[in-house]
Amino acid sequence: MMLNDLYGRQLTGPNVLNAHFQNMKTTLDTLYDLKPSLEKAEETKDIYEKMDRVVPKAEWARFAPYVIAINRLKKERNAVILAHNYMTPEIYHGVADFVGDSLELAMKAANVKEDVIVQCGVHFMAETSKILSPEKMVLIPDVEAGCSLAESITAEGVAEMRAQYPGAPVVSYVNTTAEVKAASDVCCTSSNALKIVEAQDSDLVIMTPDQFLAQNVAAQSSKKIVFWAGSCIVHELYTAQDLRDYRESEPDLKIIAHPECTPEVVAEADFTGSTRGIINWVTENKPAKAMLVTECSMAANISDSLPEVEFAKPCNMCPYMKKISLEKILWSLHTMEPQVEVDPEISKRARLSVQRMLDLS
Ligand code: 13P
Ligand code: SF4
């Protein structure tokens, strides 16, 4: 990844990113009219109505100038913003052209018509977009938006698993680097993991890198599953005892979990699914009280469309997803950086794994 300053000079060195983001806001302020503005808040009231239960009006007056600037620049650059369901409401409702879970984002990335994809999510999602649309420019507003699962395994780790279980196919979660995807037989997401595992022509299947997703799939699968011991730092924090305590104090509470949670937590849940699965379940069932055992922005993003549902806390924040902000999106569109690149040889092999998943989905 290369970062350039406003004059096109290449920036290098370990502190470059921090210095870069410190200067970013000051520079943007001189180039765009980004002062908090009640007038701009009024101009964008149709957008604000989608989040007025969760975003205070004064806060929207601060966001609105960015939303206007981003939406204008997006058109000039012929860019599309693909945003994950964990983005904050001002991104999710304010500037995203398409929102979804990992599978939906990958499917969309394979078919965008615009020249530029701005990936509002984490790095592996941007890499997946680049793998599926290598001819497009893919931007990620903060290259440090990583993922504890993607960081937990390398291609060597996959090779170790293959050596330990010769002949067993490797199903890797999309929450992995391009190198790991390239070293795997097929990818999966939280919404299709069981289907992908069941489709393997082997009684023994290796799943990487999420130990809990693997165990949750194993509980429903006819296959024997061996797995890598990675985990999501957001979902592993929930405990089954906490959920039992919440349910005892709120007997009507519906508990909805993501499959990156432990099997004990999943066993306590009324429903388990991908972020899209969770949104669909709550939208269809409209429980009086729901606890989303996942990232905090999920409840915030659907609160306004479901006024009859009271969303119970706690939720946990993903520090990687939260690195993406309106300021960084505007900066990214302004500078057309940082661009996500994948080595062509790795990309070709990784694409096979992702494409096999899409074909099976
Ligand atoms: P989904 O595919 O369910 O959106 O999950 C992605 C993710 O990173 C959840 O932590
Ligand atoms: Fe990765 Fe967990 Fe954050 Fe999802 S929530 S991006 S799995 S760290």
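Just so we're aligned, residue 8 is where the sequence shown starts under the working numbering, counting upward by one.
Just so it is clear, CB atoms sit at the ideal spot from N, CA and C, and this is done for glycine as well.
### Query
Regarding Ile88 and ligand 3, is the C-beta to nearest heavy atom distance less than 7 angstroms?
With respect to ligand 3, the structure offers nothing, as its ligand set consists of ligand 1 and ligand 2.
### Task
Please list, in chain order, all residues of the same chain as Arg251 whose beta carbon is under 7 angstroms from its beta carbon, the five residues on each side excluded.
Excluding residues within five positions, the ones whose Cβ falls inside 7 angstroms are Glu275.
### Message
For Leu45, which residues in the same chain have their Cβ closer than 7 angstroms to its Cβ, ignoring the five residues on either side in sequence?
### Response
Cβ contact annotation for Leu45 (same chain, cutoff 7 angstroms, sequence separation greater than five): Ala68, in chain order.
### Task
Might you give, ordered along the chain, the residues of its own chain that have their beta carbon closer than 6 angstroms to the beta carbon of Met8, omitting 5 neighbours on each side?
Caution is warranted here: a pLDDT of 47 is assigned to Met8, below 50, making its placement in the model unreliable, and the coordinate value is therefore given only provisionally. Correct list, in chain order: Val150, Pro345.
### Query
Any heavy atom of ligand 1 closer than 7 angstroms to the Cβ of Ser228?
Exclusion of Ser228 from the 7 angstroms shell around ligand 1 follows from its C-beta lying no nearer than that to any non-hydrogen atom of the ligand.
### Message
By the DSSP assignment, the beta strand (DSSP E) with Tyr180 in it spans what residues?
### Response
Tyr180 -> beta strand (DSSP E) spans 177-180.
### Query
Taking all protein chains shown into account, do 16 or more other C-beta atoms lie within 10 angstroms of the C-beta of Leu38, making it buried, or fewer, making it exposed?
Exposed is the label assigned to Leu38, since fewer than 16 other Cβ atoms lie within 10 Å of its Cβ.
### Message
Can you determine whether any heavy atom of ligand 1 sits closer than 7 angstroms to the C-beta of Val361, and answer yes or no?
### Response
In this structure, the C-beta of Val361 stays at least 7 angstroms away from each heavy atom of ligand 1.
#### Entry: Pairwise C-alpha distance: Lys293 and Glu257
Approximately 16 angstroms, taken between the alpha carbons.
### Task
Compute the Euclidean distance between the alpha carbons of Asp122 and Met168, then round it to the nearest angstrom.
Looking at the two C-alpha atoms, the distance is approximately 39 angstroms.
#### Entry: Secondary structure of Val272, DSSP reduced to three states
DSSP places Val272 in helix when its eight states are reduced to three.
#### Entry: Assigned secondary structure, Glu352 (DSSP; H/G/I helix, E/B strand, else coil)
Reduced to three states, the DSSP call for Glu352 is helix.
### Task
Take every Cβ of the segment 53-64, pair it with every Cβ of the segment 27-41, and state whether three or more of those distances are shorter than 8 angstroms.
Contact check between the segment 53-64 and the segment 27-41: fewer than three CB pairs, one atom from each, fall below 8 angstroms, which does not count as touching.
### Message
Output needed for Tyr14: all residues of its chain with C-beta closer than 6 angstroms, excluding positions within five of it in sequence on either side, in chain order.
### Response
Because Tyr14 sits at a pLDDT of 42, beneath the cut-off of 50, its placement in the model cannot be relied upon, and the point is left open.
### Query
What do you reckon, is the C-beta of Ile98 under 7 angstroms from a heavy atom of ligand 2?
For Ile98, the CB stays at least 7 angstroms from every heavy atom of ligand 2.
### Task
Leaving aside the five residues before and after Val204 along the sequence, list all residues of the same chain whose C-beta is less than 8 angstroms from its C-beta, in chain order.
By the criterion of a C-beta distance shorter than 8 angstroms, Val204 is surrounded in its chain by Val178, Cys195, Val212, Met214, Val224, Ser228, Lys230, Ile232, once the five residues flanking it on both sides are discounted.
### Message
Rounded to the nearest angstrom, what separates Lys329 and Ser339 at their Cα positions?
### Response
Going by the C-alpha atoms only, they are around 16 angstroms apart.
#### Entry: Cβ-based burial, Asp108 [other Cβ within 10 Å; buried from 16]
Buried, since its Cβ has 16 or more Cβ neighbours within 10 Å.
### Query
Just to confirm, are Ser198 and Gly280 a CB contact at a threshold of 8 angstroms?
Yes; because the gap between Cβ atoms is below 8 angstroms, this pair is in contact.
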